[in-house]
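In my numbering, the protein residues as written are 1 to 258.
Even glycine gets a Cβ: it sits at the ideal position worked out from N, Cα and C.
In what follows, a single structure is set out as structure tokens and then discussed.
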Ligand code: SAM
């Protein structure tokens, strides 16, 4: 599932070019049960469902971390994908993208024996407040978001700088050919060729869209981009100073606010 899912399209091409690499490792290969390769068992204390056991996961982790041996002996971070983790976001994707190696642990059944989690996990990460049957899809979601931030993976690295969540804003609306479709016209500013005006329009639309759809992000953006201290006041002060000088006959430098 993971190999197939990640080997297509943009990530597949990035892998072929050697920009990224990934390998899915089957925890069953580390089971002590030679006959059935069992990796789960009943939970102590009762309750529905089975739990993944500590030993196969730990042995698998040790084999993987020895194989990838990161720079300077630094251990690779191990991300346990779990609904009990911090919710994954673009900032986390950027943080993970700066690492040379990452290991994802995908749970199944009722989850994983707590003791092995305590031993090996560095990051508990969720993809949202809902429960899936296994960790493969969440891991693939995260790998996709992280890998596209690796330089060279996207044809145009700039697009990661303007798209949603950069600087807390959602991306502005976009249009392609034809200029008119079902009676709807492309906003004329986008056809003007005036790049400065286009940038201003896009920023305005990004802010508007974020305020409407994600007030939580808008508040964050606002706290980092407070409205500029009023030009009006400065102008008022200047005007008052100019008036004063007119009355007194002294010339005031318009740039001088003091
Ligand atoms: N019993 C667990 C609980 O209540 O927290 C849920 C286990 S879930 C059925 C099985 C596995 O799917 C988890 O161990 C985890 O790896 C993965 N998983 C399910 N939902 C997820 C989510 N929202 N984000 C990340 N991983 C998830």
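Say the cut is 7 Å; is the CB of residue i nearer than that to a heavy atom of ligand 1?
i: residue 60; result: no
i: residue 53; result: no
i: residue 206; result: no
i: residue 134; result: yes
i: residue 128; result: yes
i: residue 32; result: no
i: residue 174; result: no
i: residue 90; result: no
i: residue 138; result: yes
i: residue 56; result: no
i: residue 178; result: no
Ignore the nearest five residues each way along the sequence and tell me which others in residue i's own chain have a CB closer than 7 Å to its CB.
i: residue 96; result: 102, 146
i: residue 190; result: 175, 198
i: residue 274; result: Given that the chain is displayed from residue 1 to residue 258, the structure contains no residue 274 and the question cannot be resolved.
On a Cα-Cα basis, can you pick out the residue from the options that is closest to residue i?
i: residue 137; options: 80, 193, 13; result: 80
i: residue 205; options: 173, 225, 27; result: 173
i: residue 36; options: 27, 44, 127; result: 27
i: residue 32; options: 208, 53, 42; result: 53
i: residue 155; options: 13, 132, 55; result: 13
i: residue 202; options: 124, 180, 163; result: 163
i: residue 167; options: 185, 207, 200, 183; result: 207
i: residue 98; options: 34, 76, 170, 30; result: 76
Since residue i sits in a beta bridge, which residues does DSSP pair it with?
i: residue 77; result: 102
i: residue 58; result: Paired residues: none, contrary to the question.
i: residue 86; result: 125
What is the DSSP secondary structure of residue i, reduced to helix, strand or coil?
i: residue 4; result: helix
i: residue 185; result: strand
i: residue 20; result: coil
i: residue 12; result: helix
i: residue 125; result: strand
i: residue 173; result: coil
i: residue 180; result: strand
i: residue 130; result: coil
i: residue 112; result: strand
i: residue 191; result: helix
i: residue 44; result: coil
i: residue 307; result: Residue 307 cannot be examined here, being either before or after the span of the chain that is shown, 1 to 258.
For residue i, collect the residues of the same chain with a Cβ closer than 6 Å to its Cβ; drop the 5 residues on either side in sequence, then sort them by chain order.
i: residue 257; result: Because residue 257 sits at a pLDDT of 40, beneath the cut-off of 50, its placement in the model cannot be relied upon, and the following sentence gives the value as read from the coordinates. Closer than 6 Å at the Cβ level, and outside the excluded window around residue 257, lies no residue.
i: residue 11; result: 147
i: residue 179; result: 186
i: residue 220; result: 168
Kindly list the residues whose CB is nearer than 8 Å to the CB of residue i, restricted to its own chain and excluding five residues on each side of it in sequence; keep chain order.
i: residue 121; result: 78, 79, 80, 105
i: residue 51; result: 40, 41, 42, 43, 109, 110, 111, 112, 113
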